[in-house]
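**Student:** Residue numbers for the sequence shown follow my numbering, so the first one is 37 and each next one is one higher. One structure, as structure tokens, below. Some questions next.
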Amino acid sequence: MQLEYFTALKARVETLTSLKKVGLWDNQFMRENENVSFNYPCCWIEFTDIVYTDYLQGVQKYDMVVNFHLGFKSLETEDIDILQLKQDLHQVVHTFQADFNTKLLRRGEVQNFDHTNVQEYILSYETSGKDYFVDPLVPAQITTLVLTEQLMPPPLGDFRLLEDGSYRLLENNSFRLLE
């Protein structure tokens with residue numbers, strides 16, 4: 037569920053040509069000296085607060101929050117370019133929908149001031165959906181049968197087609213049955 041959703045969402049965010057890096061959140065701003073370097077502005081996608089509810093046949097409904105960590109490096113005292121970038125990101129991800137998910141809807145944002153020359157906005161969105169579990173060790177089961185042809189009764193006797201589409205046996209083995 038998350039792999040497919042992340043891949044589609046990342047591709048959507050990467051349409052913002054002003055972003056230099058888009059990826060999966062791993063607290064990159066705090067570990068910038070230890071991780072592989074990346075360019076700014078950047079956007080990291082985080083899945084959090086995931087709650088599952090069980091349905092039948094292994095299907096689960098989930099509700100989750102998707103956080104976008106938008107990073108912008110600047111040495112200026114007041115650099116408002118981050119505000120435009122934040123608005124552009126919102127235009128790209130708000131109402132995004134993929135697979136079995138509801139639309140991605142904005143629920144909040146906070147600014148993190150705990151970095152030297154990096155401005156970080158965390159934009160929070162919510163979505164829900166269904167995760168369809170298929171056990172590879174369980175043989176396939178038919179849950180719905182769709183007939184494209186009308187079934188004919190076996191030729192054991194004299195049948196009459198009724199108005200409701202069913203059949204009534206009138207004669208069997210040369211014995212006439214009561215109607």
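We treat Cβ as the ideally placed atom computed from N, Cα and C, and that holds for glycine. Everything numeric in this text was worked out from a predicted model, so none of it was measured.
Alpha helix (DSSP H) containing residue 118: first to last residue?
**Tutor:** 117-129
**Student:** When DSSP labels each residue in this structure, what does residue 133 get in the three-state scheme?
**Tutor:** When secondary structure is reduced to three states using DSSP, residue 133 falls in the coil class, being assigned neither helix nor strand.
**Student:** For residue 49, which of helix, strand or coil comes out of DSSP?
**Tutor:** The answer is helix: DSSP assigns residue 49 an H, G or I state.
**Student:** Grab me the residues of residue 94's own chain with a C-beta within less than 8 Å of its C-beta, minus the 5 sequence neighbours each way, in chain order.
**Tutor:** 168, 169, 170, 171
**Student:** Give me the DSSP bridge partner(s) of residue 165.
**Tutor:** Residue 165 pairs with 98, 137.
**Student:** Let me know the secondary structure DSSP gives residue 89 once reduced to three states.
**Tutor:** strand
**Student:** With a threshold of 16 other CB atoms inside 10 Å of the CB of residue 40, please say whether the residue is buried or exposed.
**Tutor:** exposed
**Student:** Do residue 82 and residue 103 have their CB atoms nearer than 7 Å?
**Tutor:** Judged by beta-carbon spacing, residue 103 lies within the 7 Å limit of residue 82, meaning their Cβ atoms are closer than that value.
**Student:** Can you tell me whether residue 106 is helix, strand or coil according to DSSP?
**Tutor:** strand
**Student:** Which one of 99, 144, 136, 153 has the shortest CA to CA distance from residue 66?
**Tutor:** 153
**Student:** Count the CB pairs spanning the stretch 85-93 and the stretch 134-147 that are closer than 8 Å, and state whether there are at least three.
**Tutor:** Taking 8 Å as the limit for Cβ pairs, the verdict is that the stretch 134-147 does not touch the stretch 85-93.
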